[in-house]
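In this note's numbering, the protein residues as written are 2 to 392. Input: a single structure, listed below in structure tokens.
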Ligand code: HEM
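Next comes the structure, spelled out in structure tokens:
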């Protein structure tokens, strides 16, 4: 079968969205030979339907294209319901608005500490100097990590991300195993000295009971390992992409600076436009007929959230930034169905505080060099050189 698109073709910050628009019109269920071959669902309705139908589209084989998990099953992402459910039941209460309110002040403190020297210098890369650090610090606070653990997470997390982006299987395995080791250490520490399970994620997973029994030890380990990276990369890329947009649109930059109350609405529209995880993967459990194509059982399928979120059939003028878009709540940046992101609130909190502080502390900022795009499985900016005029 000839491929419909080359997933390995060079990309720029904007080119992939143009490619997806063309594919949505020509070939919305598209095949690429990259990484051993996979299907891509590009239209909003197809992606939504697949994300909800976990019996036909299982997550138990691989969750992203290219496949990056080689070192064990990690709940909740690697399990379908009902097996997945107890892990979500344990994690969800730790990410409620009340719990997140406690993280607001430390998040602002970290943001200011990182932004002050950067803005005072007058120029820098918002990704390397700010957005790669903020989510790790916030995450370490949420997980109750010690400073040295947070430092280690920063370096291993970075190595893991580089390995994923460059598809280096050996480095992926090595950094994943190191993350397992960190998770093991954290579990041992909480077993010895449990914290309040209403506040601490590791203690919550250890205290969780399913049908009266504790969750299996290897699965608790896998879950902590999963959680250790899943919430870090998306805010990093998102902040970079939003910075590109605002640098290109000084009028919007000024408007949001004058009225920060608009930020939550703006952030939702940014999430739609610059969905940082381009898509998660599922595997067909039976023959699937879609868009005139047949997907065979066992074939990997990318649910391309970044494409679905720019589908004109769902979002009018989909490539434009429209503040207060009436159906913005339908965007898929956090996924849909049983795996919908439990950390959406924490992601939004970081984006809002990052933007509030960046805008308040500058009179304007501009692009000062080439934007470097990320690769699969993310989409957006990996390096954004900016110059700043301090407030
Ligand atoms: C802007 C920030 C974020 C974005 C855009 C994002 C996006 C997503 C998406 C699209 C999924 C669905 C995966 C799928 O369909 O298979 C997901 C799952 C997940 N996210 Fe996030 N995420 C963000 C931040 C976070 C944070 C801060 C956490 C930290 C707790 C987190 C924890 C998780 C977990 C544990 C899952 C797996 C859920 C499951 O399989 O049931 N995310 N995220």
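Here a beta-carbon is modelled for each residue, glycine too, at the ideal position from N, C-alpha and C. Since the structure is predicted, the reported quantities are computational estimates derived from the model, not experimental observations.
Using a Cβ-Cβ cut-off of 8 Å (strictly less than) and excluding sequence neighbours within five positions of residue i, which residues of its own chain qualify?
{"i": "residue 286", "result": "56, 57, 58, 59 and 298"}
{"i": "residue 80", "result": "60, 61, 74 and 88"}
{"i": "residue 248", "result": "254, 366, 367, 368, 385 and 387"}
{"i": "residue 305", "result": "21, 41, 42, 43, 48, 279 and 280"}
{"i": "residue 30", "result": "40, 41, 42, 43, 47, 291, 292, 293, 294 and 296"}
{"i": "residue 98", "result": "346"}
{"i": "residue 300", "result": "38, 39, 40, 284 and 285"}
Going by DSSP, what residue range makes up the alpha helix (DSSP H) through residue i?
{"i": "residue 219", "result": "218-231"}
{"i": "residue 202", "result": "202-208"}
{"i": "residue 113", "result": "98-122"}
{"i": "residue 236", "result": "234-249"}
{"i": "residue 143", "result": "135-144"}
{"i": "residue 179", "result": "170-193"}
{"i": "residue 357", "result": "345-361"}
{"i": "residue 24", "result": "16-27"}
{"i": "residue 52", "result": "45-53"}
{"i": "residue 157", "result": "148-166"}
{"i": "residue 92", "result": "86-92"}
{"i": "residue 308", "result": "306-309"}
Would you kindly report the start and end of the unbroken beta strand (DSSP E) that includes residue i?
{"i": "residue 316", "result": "Residue 316 -> no beta strand (DSSP E), and no H or E assigned at all."}
{"i": "residue 265", "result": "No beta strand (DSSP E) contains residue 265, which is instead part of the alpha helix (DSSP H) from 264-274."}
{"i": "residue 419", "result": "In the structure displayed, the chain extends from 2 to 392; residue 419 sits before or after that span and is not available."}
{"i": "residue 32", "result": "30-33"}
{"i": "residue 40", "result": "39-42"}
{"i": "residue 331", "result": "Unbroken run through residue 331: none, as it is neither H nor E."}
{"i": "residue 383", "result": "382-384"}
{"i": "residue 291", "result": "289-291"}
{"i": "residue 295", "result": "294-296"}
Under 7 Å Cβ to Cβ from residue i, same chain only, skipping five residues before and after it: list those, please.
{"i": "residue 270", "result": "322, 323, 324, 326 and 329"}
{"i": "residue 85", "result": "76, 77 and 339"}
{"i": "residue 160", "result": "172 and 176"}
{"i": "residue 283", "result": "51, 58, 59, 60, 302 and 304"}
{"i": "residue 153", "result": "183"}
{"i": "residue 370", "result": "386"}
{"i": "residue 101", "result": "346, 347 and 350"}
For the ligand HEM, is there a heavy atom less than 8 Å away from the beta-carbon of residue i?
{"i": "residue 154", "result": "no"}
{"i": "residue 342", "result": "yes"}
{"i": "residue 63", "result": "no"}
{"i": "residue 273", "result": "no"}
{"i": "residue 40", "result": "no"}
{"i": "residue 136", "result": "yes"}
{"i": "residue 140", "result": "yes"}
{"i": "residue 131", "result": "no"}
{"i": "residue 345", "result": "yes"}
{"i": "residue 45", "result": "no"}
{"i": "residue 98", "result": "no"}
{"i": "residue 206", "result": "no"}
{"i": "residue 89", "result": "yes"}
{"i": "residue 304", "result": "yes"}
{"i": "residue 375", "result": "no"}
{"i": "residue 21", "result": "no"}
{"i": "residue 351", "result": "yes"}
{"i": "residue 281", "result": "yes"}
Using the Cα positions of residue i and residue j, report the straight-line distance between them to the nearest angstrom.
{"i": "residue 380", "j": "residue 202", "result": "28 Å"}
{"i": "residue 141", "j": "residue 233", "result": "10 Å"}
{"i": "residue 188", "j": "residue 134", "result": "24 Å"}
{"i": "residue 149", "j": "residue 183", "result": "11 Å"}
{"i": "residue 170", "j": "residue 180", "result": "15 Å"}
{"i": "residue 320", "j": "residue 143", "result": "35 Å"}
{"i": "residue 34", "j": "residue 65", "result": "15 Å"}
{"i": "residue 334", "j": "residue 272", "result": "6 Å"}
{"i": "residue 344", "j": "residue 230", "result": "12 Å"}
{"i": "residue 277", "j": "residue 238", "result": "6 Å"}
{"i": "residue 123", "j": "residue 349", "result": "27 Å"}
{"i": "residue 240", "j": "residue 355", "result": "8 Å"}
{"i": "residue 113", "j": "residue 5", "result": "46 Å"}
{"i": "residue 137", "j": "residue 389", "result": "24 Å"}
{"i": "residue 10", "j": "residue 103", "result": "44 Å"}
{"i": "residue 441", "j": "residue 163", "result": "One cannot answer for residue 441 here, as it falls past the ends of the chain, which runs 2 to 392."}
{"i": "residue 105", "j": "residue 95", "result": "14 Å"}
{"i": "residue 391", "j": "residue 251", "result": "15 Å"}
{"i": "residue 53", "j": "residue 218", "result": "28 Å"}
{"i": "residue 3", "j": "residue 32", "result": "8 Å"}
{"i": "residue 146", "j": "residue 313", "result": "43 Å"}
{"i": "residue 18", "j": "residue 236", "result": "20 Å"}
Using a Cβ-Cβ cutoff of less than 6 Å, which residues in the same chain neighbour residue i once the five nearest sequence positions on both sides are dropped?
{"i": "residue 125", "result": "119"}
{"i": "residue 372", "result": "14, 245, 382 and 385"}
Just checking, does the stretch 254-271 make contact with the stretch 325-339 on the three C-beta pairs under 8 Å criterion? Touching, per the Cβ criterion.
At a cut of 8 Å, does the stretch 193-208 reach the stretch 224-233 through at least three beta carbon pairs? Yes, the stretch 193-208 touches the stretch 224-233.
Just checking, does the stretch 210-222 make contact with the stretch 167-177 on the three C-beta pairs under 8 Å criterion? Cβ pair count under 8 Å is below three, so no.
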